[in-house]
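Student: Which chain is which? The protein sequence lines are A and B, in order.
Counting along the first sequence from 1, when you hit position 211 you're at 211 in the UniProt record's numbering, and nothing is skipped either side.
Counting along the second sequence from 1, when you hit position 77 you're at 77 in the UniProt record's numbering, and nothing is skipped either side.
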Amino acid sequence: MRNEARWGYLLTLPFSLNLLVFFAFPFFFSLYLTFTQWDMFNAPDWIGGRNWSRLIQDASFWYSLRNILLFAAIFVPLQTILALVLAYFLNQSIRGKSFYRMLYFLPVVTPWLAGGTMWGWLLNKTYGMVNYMLTSLSLPPVDWLDSKQWWLPITSVALVNVWKGVGSSMVILLAAIQGVPKDLYEAASLEGANRWSVFWRIVFPLVSPMIFLVLVLSTISAFQAFDVFLVMFDSPNVVPDSKVTPNILIYKDAFLTTKMGYASAMSWALFIVILAVTLVQKRFEKRWVHYE
Amino acid sequence: MLSTSLKAGMNVSKLPPQWIPSPVVWSNYADVWVKVDFARYTFNSFVIVIADVIGTLLSCSMVAFGMAMFTFRLKKVLYLGMLATLMLPFQVTMIPGYFIWKSFGALDTYYPLIVPTFLGGSFGIFLLHQFYKSTTKELYEASKIDGCGPWTALWRIYFPLSRAVLSALAVFTFMGAWSNTIGPLLYLHDKEMFTLPLGLLFLRSDVGLEQQILMAAAVIVTLPVVVVFLFAQKQFVEGIASTGLKG
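1. Should B/A218 be flagged as near chain A, meaning a C-beta pair shorter than 8 Å?
2. Quick check on A/T110: buried or exposed, where buried means 16 or more other Cβ atoms within 10 Å of its Cβ?
3. What do you reckon, are the CB atoms on A/L173 and A/A83 nearer than 8 Å?
4. Rank B/S27, B/D31, B/L203 and B/T135 by C-alpha distance to the C-alpha of B/F65 and give the top, closest one.
5. With a threshold of 16 other CB atoms inside 10 Å of the CB of A/W62, please say whether the residue is buried or exposed.
6. State the Cα-Cα distance for the pair A/Y185 and B/L154, rounded to the nearest angstrom.
7. Please give me, in chain order, every unbroken run of the alpha helix (DSSP H) with length at least 4 that falls completely inside the segment 130 to 196 of chain B.
8. Using a Cβ-Cβ cut-off of less than 9 Å, list which residues of the segment 117 to 140 of chain B approach chain A; keep chain order.
9. Sort out for me which residues DSSP pairs A/W46 with in a bridge.
10. Compare the C-beta of B/R163 against all C-beta atoms of chain A and say whether one is closer than 8 Å.
11. Rounding to the nearest angstrom, what Cα-Cα distance links B/P160 and A/A276 in this structure?
12. In this structure, does DSSP put A/S16 in helix, strand or coil?
13. Have a look at B/L119 and A/N247 and give me their C-alpha separation to the nearest angstrom.
14. Nearest by alpha-carbon distance to A/L86: which of A/G115, A/G8, A/V166 and A/T34 is it?
15. Take A/V228 and list the residues in its own chain whose beta-carbon comes closer than 8 Å to its own, dropping the five residues that flank it on each side.
16. Taking the alpha carbon of A/S264 as the reference point, which residue from B/V165, B/S45, B/V92 and B/V34 has its own alpha carbon closest?
17. Taking Cβ-Cβ distances shorter than 7 Å, what residues in chain B pair up with residue 294 of chain A?
18. Less than 8 Å between the C-beta atoms of B/T117 and B/D52, yes or no?
19. Pull up the distance between the alpha-carbon of B/L245 and that of A/L137, whole angstroms please.
20. Can you give, in chain order, each stretch of the alpha helix (DSSP H) that sits fully within the segment 164 to 238 of chain A and has at least 4 residues?
21. Quick check: the Cα distance between B/L113 and A/A225, rounded to an integer number of angstroms?
22. Determine, using beta carbons only, whether A/G8 comes closer than 8 Å to chain B.
23. Give me, in chain order, the residues of the same chain whose beta-carbon lies closer than 8 Å to that of A/T80; leave out the 5 immediate sequence neighbours on both sides.
24. Listing by chain order, which chain A residues have their CB less than 7 Å from the CB of B/P197?
25. What are the boundary residues of the alpha helix (DSSP H) that A/W62 is part of?
26. To the nearest angstrom, report how far apart B/V165 and A/W7 are at their CA atoms.
27. If A/A114 sits next to B/L200, beta carbons under 8 Å apart, how far is it from one beta carbon to the other, in whole angstroms?
28. Could you spell out where the alpha helix (DSSP H) holding A/Q281 opens and where it closes?
29. Considering only their Cβ atoms, is the gap separating A/W196 from A/T34 smaller than 8 Å?
30. Counting contacts by CB-CB distance shorter than 8 Å, is residue 249 of chain B in contact with chain A?
31. Spatial neighbours of B/A216 within its chain, please: CB distance less than 6 Å, with the 5 preceding and 5 following residues excluded, ordered by chain position.
32. Comparing alpha-carbon positions, which option in B/F231, B/Y111, B/A68 and B/I54 lies nearest B/L186?
33. Select from the segment 80 to 96 of chain A all residues with a C-beta closer than 8 Å to any C-beta belonging to chain B, and list them in chain order.
34. Locate the alpha helix (DSSP H) running through B/F118, then write down its first and last residues.
35. Buried or exposed, going by whether 16 or more other CB atoms sit within 10 Å of the CB of A/K282?
36. Should residue 328 of chain A be flagged as near chain B, meaning a C-beta pair shorter than 8 Å?
Have a look at this one:
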């Protein structure tokens, strides 16, 4: 072997190990598990497609998919649009720029357990601040997190998730907007373009690859959301169907009732959904993303 | 959050909310330490986070350097593997991962939360790889002429050179590890081994409605990351801007 290749293999050895042991092996092992019944103490028991057929008939699982789809449908566009608007304005020369950057980034670094605890308290039906403000505007109080209407708690949590995540998308987009060449702005103002058309004709197309990246990343993170549901709702073993998400179900089945095979089937179903959504996004990419 | 953490129990749910608590009850903070072993959790959190940061910086530098500077046949495979791991949901590898550590008898130890970071994470490798590729070939040639082997070149020249990226990566790692809930939730069951987020999670069910204690605990958990963020803010924002993430 050439000397160079030897160094290449040697230096990347830790990561090769990581890929094999913690990704490749788990990937195939978990696929195998979806066809078994396994409690982790005895050997896995091959049961063919029974987990999968049970999955299709499992009402809780369909509720969880419905919930996570609504969650993603609210969270992803809202977070991306908000992040873009904030990044655009923070790129202008306004006062206290770094204060605002910090203000939006602070939630990102706040651990979910702390941030979620705070929001659970703000949104509390009887003594929460949000309802207090509603009632002082003589509006009826809203049961944000425990409403009978299934979409309301999911929406509340999606909004809290935007609060938490918008800063990180914003920083990425801010970096992209700062990369737009200054002379393009000057040329545009010479031609008498207004702010709105500068944004749509210049900034948006140039930044669109990063917007796409942010969109894909936040979609993946939306479907993988776990902490937010863990802290906003009750403990995983008592979450009702109306508020359940795939990850809560997977966690519950795997680690609270040790049904590893069924939990693996659910995690694969989730993986397939994420993959499908990402591929759809990729298909529409050409329509609006502009590469130089 | 801060305001509530200093309130007396009866004033917590008073409406309109008292912005400035009176009386100021500092003892809520002391109560946190009495009710649960927060000192122990803090120690656990710090051990894990510091090891994670060291592990990530060393291993990612090494792997990224190997991938950026040398050509070898499996390089493409590694690169694809790196991108794939970013896509694969954690839930898919969660159960076998748990099984691996269980069969090593490593549950309730720091290892499951530390060892993987010493093997290089995709995100850090990706960042550093972009950075190393942007350095000139001449630099490497010059170091060779001066008698540096690849190993010395990596640690004496490239590692210090990437300080800006490394500090951004360190901050990312610190924050990720500090707030990690699912990892400790899976691998740590013994209260002695709990990290702060886990302590907070169980405190929630223990203290129930004593919001002021809960908020005090939440402040304690948040404070270190906020402090690190305030100090590192500049590197953090510029680190992202300067590392090819621009697209």
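Just so it is clear, CB atoms sit at the ideal spot from N, CA and C, and this is done for glycine as well.
Tutor: A quick look at the data gives this:
1. yes
2. buried
3. yes
4. B/T135
5. exposed
6. 41 Å
7. 137 to 145, 163 to 179 and 182 to 187
8. F118, L119, G120, G121, S122 and I125
9. A/T36
10. no
11. 42 Å
12. helix
13. 26 Å
14. A/V166
15. W112, G116, V157, V160, N161 and K164
16. B/V92
17. With chain A covering only 1 through 292, there is no way to say anything about residue 294 of chain A.
18. yes
19. Reliability fails at B/L245, whose pLDDT of 47 lies under 50, so the model's placement of it is uncertain and the value that follows must be treated cautiously. Cα to Cα, the separation comes out at about 45 Å.
20. 182 to 190, 195 to 198, 204 to 224 and 227 to 232
21. 20 Å
22. yes
23. S169, I211, V214, L215 and S218
24. P111 and L113
25. A59 to N91
26. 23 Å
27. 7 Å
28. M260 to W288
29. no
30. Outside the shown range of chain B (1 to 247) lies residue 249 of chain B, about which nothing can therefore be said.
31. S5, N28, Y29 and V32
32. B/Y111
33. none
34. Per DSSP, B/F118 belongs to no alpha helix (DSSP H) and is neither H nor E.
35. exposed
36. Since the first residue of chain A shown is 1 and the last is 292, residue 328 of chain A is not available in this structure.
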